[in-house]
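Numbering (this note's numbering), first residue to last: 4 to 63. Here is the structure we will look at.
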């Protein structure tokens, strides 16, 4: 993976010219959340949909 500065520049370059700080923060949040999810998946620390449904007593 490229270093964090390069990744941040890519995110910024993809934003429209009229973007706000909130737009940038949202993109960073989304990126960080996706990376955390992928790391959890790779580590096997995920919960299946079926388990969540059972745990919370939800109907499918």
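Glycine included, C-beta positions come from ideal geometry on N, C-alpha and C. Since the model is a prediction, treat every value here as computed from it, not as a measurement.
8 Å contact criterion, which residue i and residue j should meet: CB distance rounded
i          : j          : result
residue 30 : residue 18 : 7 Å
residue 37 : residue 43 : About 11 Å separates the two Cβ atoms, so there is no contact after all.
Cα-Cα separation between residue i and residue j, rounded to whole angstroms
i          : j          : result
residue 11 : residue 28 : 11 Å
residue 45 : residue 58 : 23 Å
residue 13 : residue 33 : 14 Å
residue 7  : residue 15 : 12 Å
residue 21 : residue 55 : 40 Å
Start and end residues, alpha helix (DSSP H) containing residue i
i          : result
residue 44 : 24-46
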